[in-house]
Amino acid sequence: MTDMSAPANPPFRPSMLIYDRRYRSMTFQVIVFILVMALAWWLVNNTIRNLAALGKDFNFGFLWQRAGYDIPQTPIPYTSDDTHFRAAVVGLLNTLIVSILGCIAATFIGIIAGVARLSNNWLIARLMTVYVEAFRNVPLLLWILIVFAVFTEVMPPPNAFRGDDPSASMILFDHVALTNRYTAIPTLGMTNDPGSLDLGARITFSWATIAFVVVLVAGWIVRRMIGAWAQRVQDQTGSRSTTWWMSLAVMTVPSLLLIWYFGLHMIPPELRGFNFTGGLNVANGLVALWLALTLYTGAFIAEIVRAGILAVSRGQSEAAFALGLRPGRTMNLVILPQALRVIIPPLISQYLNLMKNSSLAIAVGYMDIKGTLGGTTLNQTGRELEAIVLMMGVYLVLSLTISAGMNVFNSRVKLKER
Amino acid sequence: MKTSVFLGSVAAATLMAGAGMADTLADVKARGELNCGVNTGLVGFAAPDANGNWTGFDVDICKAVAAAVLGDPSKVKYVPTTGQTRFTALSSGEVDILARNSTWTFSRDTDLKLDFVGVNYYDGQGFMVRKDLGVTSAKELDGATICIQTGTTTELNLADYFKANNMAYQPVNIDSNAEGEQQYMAGACDAYTTDASGLAATRAAFADPENHIILPEIISKEPLGPAVRHGDSNWGDVARWTLYALIAAEEYGVTSKNIEELSKSSQNPEVQRLLGVTDDLGAMIGLDKDWAKRAILASGNYGEIFAANIGEQTPIGLARGLNAQWTQGGLMYAMPFR
């Protein structure tokens, strides 16, 4: 950087590095750069020296040792005989599950609450203000603990469902049991199981799931084609044909056929021994964490949505009313599409926050990556630095991925300037 | 920005690690206070009372070491640590000695760079259930939901035990004993598992201890003992021989009541050496002549500490069992003071 060719005259003197405006900024940049690098070198060197003095090395070999502990919720098959690496992957998947569920639900709640806060109905607007202020101004950890405590203390234990005259009973036609440990829901069974796609490492995907995904995606594409066709006809003839029954048919009929073909049915949970078995037990830790993350982040999203809507000039809605659009359609067709441009950038940070906040999971015994890699694995192997560095890397990659995805979406909805 | 956060964390980790490398005995003397890592709250072992004073079986070990080194058993700063934070607290230098129901295992002694200085309680892992559950043996727990403190050896023993007996279970991971107690009381788990002594202590704090039973199966060996950092043998010696002094004192009948009298009148050469009447053993570990006498005076000998905190006369009501003196058929055996 310093070897930039100097102008021919006047001849270069060292004092010009400070007194000549052409060089000064470059000089300071070089100095700061050297200082930052020296600090980095000192930190790394200090770490290495201290680790050596403690007799510890920096290596990730522990990831391939037997983990030896069990995890309550395992999206992929996992036993205590598996490696710490697989335990970390299980934790990562648990983090993703709660983050994705949370982002979706928080967006819904946020948009509804944000719009409702601007409602002309005095009561609804005030209620939403109370919701937003209550959740925004109390630490998330407290909300998680409160929700979890409510589940644990209020719901009946599985034991209460036992006997001829149980004190608790299952809801939704004996299909769902709310207990103080988990919510037991039915699983899906198939009389005509097509088997699974084996991805190796004991990870499998049911062909039936793949078939449903393919059919739904194909149905959605066909629906869009129908819409485009209707638009073309309208452009040519001026009259729009009725397409809703076609759209409905493409979206549902193939799925119904698949359900009939696979013989899909529900297997309700059943109390056997200490616990409900046969169904799927969704741990209260997950539900409490999901609910708290959703309501907390939803409150922030509501504010973002409100700000976005207020940012759309009042003339827009007046113009829409003048055209005779009803308030609902005005919101959906005129205001929200324009508000999205203001909403999406701050929404990205809320998604990132939600994902990072999910690391509070251990407070309710939900084993996310902080609970497996950064909790039990770290503790059993004593590899603090490695586990933390790895975890920071994972969160960084997750954050950047969400950011990148949302930026792509943002560039699609933002104002096209030509 | 991300880089600087990363480096900042590394810096924090390294600065803390750096503190651990000095001469701990000199550090403690210079500071005039012993930093002792204890449980966040386990009645009988380490728990603050209504006035905020720490009491308990492990706390008395801290007091004895402080008395031996600093001459005052009250000069201890108690640092509550969870199962997750305890070893980091020790290796980072945040505490000088860890007296927190920690199991002495191979990997902790070697790979985690700790030095266990002895065993102050021979324990084993057990299960506690409600009486009305109708369970009388751990072998009947197939399919049960079990509360377990995360980051402990009990977590691994539990997995091994259920696997060996071909049983299934649903773990509920909790962070501290208090949280486990709350979950268990709310019925969020069928059984609570931890060291049998911890179960007895937890049950003693219940409003209805008679409605809970500790199952007879002990599924592991849990030798609990104080630990210090690896690599500071001198400090390790101080901690180890303070513990032995307490155990030896019980063996020779030296109590906090008769110690003054015995130090003048005892003709037993071992007692004379222990109490610094004849040889100057203290100088060999960097302390003065009366170090062991002060350690015993702090809360009494091993037997007195046991009886006062967790013995049969206390609500916890633990029998001496394996923790009796070797002369009484137990495992408590102090190396000779010579």
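Protein sequence lines correspond, in order, to chains W and G.
Each number in our numbering comes from the position in the first sequence (counting from 1) with 364 added on.
Each number in our numbering comes from the position in the second sequence (counting from 1) with 8 added on.
Glycine is no exception: its CB is placed at the ideal position from the N, C-alpha and C atoms.
Given this structure, state the Cα-to-Cα distance separating residue i from residue j, to the nearest angstrom.
| i | j | result |
| --- | --- | --- |
| F14 of chain G | S763 of chain W | With a pLDDT of 47 at F14 of chain G, under the threshold of 50, the predicted position of this residue should be treated as unreliable, and no value is reported. |
| P632 of chain W | T573 of chain W | 20 Å |
| N696 of chain W | F640 of chain W | 44 Å |
| P378 of chain W | F397 of chain W | 19 Å |
| E148 of chain G | G52 of chain G | 30 Å |
| A75 of chain G | V36 of chain G | 12 Å |
| I479 of chain W | M731 of chain W | For the sequence presented, residue 479 of chain W should be read as Val rather than Ile. Going from the Cα of V479 of chain W to the Cα of M731 of chain W covers about 35 Å. |
| A592 of chain W | R450 of chain W | 46 Å |
| L737 of chain W | R588 of chain W | 44 Å |
| T63 of chain G | D123 of chain G | 24 Å |
| G769 of chain W | P701 of chain W | 19 Å |
| D245 of chain G | I69 of chain G | 14 Å |
| A208 of chain G | E218 of chain G | 12 Å |
| G195 of chain G | A167 of chain G | 21 Å |
| V676 of chain W | I699 of chain W | 7 Å |
| W571 of chain W | S560 of chain W | 5 Å |
| Q846 of chain W | W608 of chain W | Past the boundaries of the shown model lies residue 846 of chain W; chain W is included only from 365 to 782, so the question cannot be answered. |
| E349 of chain G | T263 of chain G | Within the shown structure, residues of chain G are numbered from 9 to 346, placing residue 349 of chain G beyond reach of any answer. |
| Y341 of chain G | G325 of chain G | 23 Å |
| D216 of chain G | A327 of chain G | 21 Å |
| Y660 of chain W | V496 of chain W | 8 Å |
| G151 of chain G | L536 of chain W | 25 Å |
| N109 of chain G | T93 of chain G | 13 Å |
| F525 of chain W | F638 of chain W | 11 Å |
| D446 of chain W | A565 of chain W | 11 Å |
| P374 of chain W | Q393 of chain W | 23 Å |
| V400 of chain W | W406 of chain W | 10 Å |
| L415 of chain W | F345 of chain G | 36 Å |
In the DSSP output, which residue or residues are listed as bridge partners for residue i?
| i | result |
| --- | --- |
| R636 of chain W | W:N639 |
| Y129 of chain G | G:L232 |
| K37 of chain G | DSSP lists no partner for K37 of chain G. |
| N645 of chain W | W:A548 |
| M630 of chain W | W:L552 |
| A152 of chain G | G:Y177 |
| W62 of chain G | G:P56 |
| G134 of chain G | G:T202 |
| Q333 of chain G | G:M340 |
| R413 of chain W | According to DSSP, which records beta bridges pairwise, R413 of chain W is partnered with nothing at all. |
| K85 of chain G | G:N43 |
| F569 of chain W | W:L561 |
| D123 of chain G | G:V236 |
| N221 of chain G | One detail in the question is off: residue 221 of chain G reads as Ile in this sequence, not Asn. BP columns for I221 of chain G point to G:V137. |
| V540 of chain W | W:I535 |
| Q157 of chain G | G:I182 |
| I105 of chain G | G:C44 |
| L50 of chain G | G:A54 |
Just confirm the distance between the C-beta atoms of residue i and residue j, as a whole number of angstroms; I'd bet it's less than 8 Å.
| i | j | result |
| --- | --- | --- |
| A666 of chain W | G474 of chain W | 5 Å |
| P558 of chain W | T543 of chain W | No, P558 of chain W and T543 of chain W are not in contact; Cβ-Cβ is about 33 Å, not under 8 Å. |
| N645 of chain W | A548 of chain W | 5 Å |
| G739 of chain W | T202 of chain G | Actually they do not touch by this definition, with Cβ atoms about 17 Å apart. |
| L282 of chain G | A306 of chain G | With 8 Å as the limit, L282 of chain G and A306 of chain G do not qualify as a contact, their Cβ atoms being about 15 Å apart. |
Give the interface partners of residue i over in chain W, defined as CB-CB distance under 9 Å, in chain order.
| i | result |
| --- | --- |
| T158 of chain G | Y433, I726, G729, M731, G735, G739, T740 and N743 |
| L238 of chain G | Sequence check: residue 238 of chain G is His here, not Leu. What H238 of chain G touches in chain W: L418 and G419. |
Under 8 Å Cβ-Cβ, which residues of chain G neighbour residue i?
| i | result |
| --- | --- |
| K420 of chain W | K121 |
| E517 of chain W | A194 |
| I436 of chain W | One detail in the question is off: residue 436 of chain W reads as Pro in this sequence, not Ile. Residues of chain G passing the Cβ test: Q178, P179, V180 and N181. |
In chain W, which residues lie less than 8 Å from residue i when you measure between Cβ atoms?
| i | result |
| --- | --- |
| T210 of chain G | Within chain W, no residue comes near T210 of chain G; the closest Cβ sits about 17 Å away, beyond 8 Å. |
Show which residues of chain G have a CB atom less than 7 Å away from the CB atom of residue i.
| i | result |
| --- | --- |
| S444 of chain W | A167 and K171 |
| P521 of chain W | G195 |
Applying a beta-carbon distance threshold of less than 7 Å, which residues of chain W neighbour residue i?
| i | result |
| --- | --- |
| D150 of chain G | G637 |
| D198 of chain G | F638 |
| E163 of chain G | Y433 and T740 |
| T202 of chain G | In chain order: nothing, as chain W lies at least about 15 Å away. |
| T153 of chain G | R545, F638 and N639 |
Exercise. Along the region 64 to 98 of chain G, what residues have a CB closer than 8 Å to any CB found in chain W?
Worked result: Taking 8 Å as the Cβ-Cβ cut-off against chain W, the residues of the region 64 to 98 of chain G that qualify are G91, Q92, F95 and T96.
Exercise. In chain order, what residues of the region 537 to 558 of chain W put their CB closer than 7 Å to some CB of chain G?
Worked result: Per Cβ criterion, the list reads N544 and R545.
For this session: Could you run through the region 625 to 648 of chain W and flag, in chain order, every residue whose CB is less than 9 Å away from some CB of chain G?
Result: Closer than 9 Å at the C-beta level to chain G, one finds these residues of the region 625 to 648 of chain W: R636, G637, F638, N639, T641, N645, A647 and N648.
Exercise. Using a Cβ cut-off of 7 Å, which residues of the region 270 to 301 of chain G contact any Cβ in chain B, in chain order?
Worked result: Given the protein chain composition of this structure (W and G), no chain B is represented.
Exercise. What residues from the region 112 to 136 of chain G come within 8 Å of chain W, judged by C-beta to C-beta, listed N to C?
Worked result: Residues of the region 112 to 136 of chain G with a C-beta atom less than 8 Å from some C-beta of chain W are S115, R116, D119, L120 and K121, listed in chain order.
Problem set entry | Contact set between the region 320 to 343 of chain G and chain W, restricted to residues whose Cβ is under 8 Å from the partner | Answer set for the region 320 to 343 of chain G: empty.
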